[in-house]
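Asks: Residue numbers (full-length UniProt numbering): 505 to 857. Where a beta carbon is used, it is the ideal one built from N, C-alpha and C, also for glycine. Predicted, not measured: the structure shown is a model, and the values here were computed from it. Mind looking over this structure? Questions follow.
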Ligand code: DCP
Ligand code: MG
Ligand code: MN
């Protein structure tokens, strides 16, 4: 867009105006931006360009209609080269929001909300009341519950440290032993970045099912497994507990550690119906980008792929919303799904396009 007339481009205050343009674009790019403050920078840039004499101080600029005390301060900062509030705030804000964003479960929007509420450090989050109660959560889809926020802050260092391949394997071994002690016929597999061969992981992802051909399913195993692992101290905190323990498909998300002196680690445990094993394995092995491209490829061939299976006959409306459910045509093994798609099975370590 045209921000100013041609003559102003070489006006006496062009450099100063440009500084306000920069400030404007910097803040414009931030999530949850304050529209009012941002417009102030834009407006000041315009006024400076329309001023025909050179501005040499904030005090002088303040006499111009439309320039207030705060913009005059910014002008002084720019003219003297001082790292004033605009510079400092921008950087402190960016730094702090990055820290908040690294708290488990806190997204960009929530990080910004915390900043807006006045939180400036992890210590603030720890000692002051910045969280939302479970009740307030109902109306928010961006913030994490208070208890999760507190846990994320408490375990900040540990949860932001990568887990070595060896430690992932040890955690998995413990969980696997406990599961097989409950039912020796369950299938239990480690997925995510570990299965792709990563040297280190952000969390440990575990998938459980059981062949029901003898009339027995894995229902009941997760509940007993969680109890057993809590008793042995391997699992220490619950974040998301299954809503229905009698379902074949359920999810537990939480925290645990391999020994009382080890770091706390994020662990996900999922159970799925036996006939969806292959589809679930593909999905939870990832990575996310590989999943996206595989789903897109399936769609191009007239199928639809998700974590439960490869579907045929799903009809979507113009918005992409499903109009018919379709039928699952492959899901039991990864190979089944790749075969129908007509592409060669790729070993997990190759699934990172
Ligand atoms: N996944 C996905 N889309 C998402 C989240 C997850 O397709 N939005 C799939 C792909 C991931 C897998 O689930 O590989 C496991 O999710 P994680 O977040 O645990 O990711 P990774 O295990 O791949 O990496 P990390 O080492 O960070 O845990
Ligand atoms: Mg993972
Ligand atoms: Mn995970």
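1) Is residue 574 near the ligand FAD, with its Cβ less than 8 angstroms from a heavy atom?
2) Of all the options 664, 550, 578, which has the alpha carbon lying nearest to the alpha carbon of residue 563?
3) Taking only the alpha-carbon atoms, compute the straight-line gap between residue 599 and residue 616 and give it to the nearest angstrom.
4) Run the CB neighbour count on residue 719, radius 10 Å, all protein chains shown included, and call it buried at 16 or more, exposed below.
5) According to DSSP, residue 744 sits in a beta bridge with which residue or residues?
6) So, does the stretch 765-779 touch the stretch 711-731, judging by three or more C-beta pairs under 8 angstroms?
7) If we ignore side chains and look at the alpha-carbon of each, how far apart do residue 597 and residue 522 end up?
8) Quick one, are the C-beta atoms of residue 626 and residue 607 less than 9 angstroms apart?
9) Buried or exposed for residue 717, going by 16 or more other Cβ atoms inside 10 Å?
10) Please work out which residues of its chain come closer than 8 angstroms, Cβ to Cβ, to residue 844, disregarding the five sequence neighbours upstream and downstream, and give them in chain order.
11) Bridge partners for residue 834 per DSSP, in chain order?
12) Which runs of the beta strand (DSSP E) spanning at least 3 residues fall entirely within the stretch 641-716, listed in chain order?
13) Under a criterion of Cβ closer than 5 angstroms to any non-hydrogen atom of the ligand MN, which residues qualify, in chain order?
14) Would you mind giving the Cβ-Cβ distance between residue 761 and residue 740, rounded to the nearest angstrom? I have them listed as a contact below 8 angstroms.
15) Do residue 771 and residue 782 come within 9 angstroms of each other at the CB atom, strictly closer than that value?
16) First and last residue of the beta strand (DSSP E) that includes residue 772?
Replies: Working from what's here:
1) Absence of the ligand FAD is noted for the structure shown, with the ligand DCP, the ligand MG and the ligand MN being the only ligands found.
2) 578
3) 11 angstroms
4) exposed
5) Partner(s): 757.
6) Contact check between the stretch 765-779 and the stretch 711-731: three or more CB pairs, one atom from each, fall below 8 angstroms, which counts as touching.
7) Each residue's Cα considered, the two are about 22 angstroms apart.
8) yes
9) It is exposed - the Cβ of residue 717 has fewer than 16 other Cβ atoms within 10 Å.
10) 807, 814, 833, 834
11) 814
12) 690-694, 708-714
13) 707, 709, 772
14) 6 angstroms
15) no
16) 769-775
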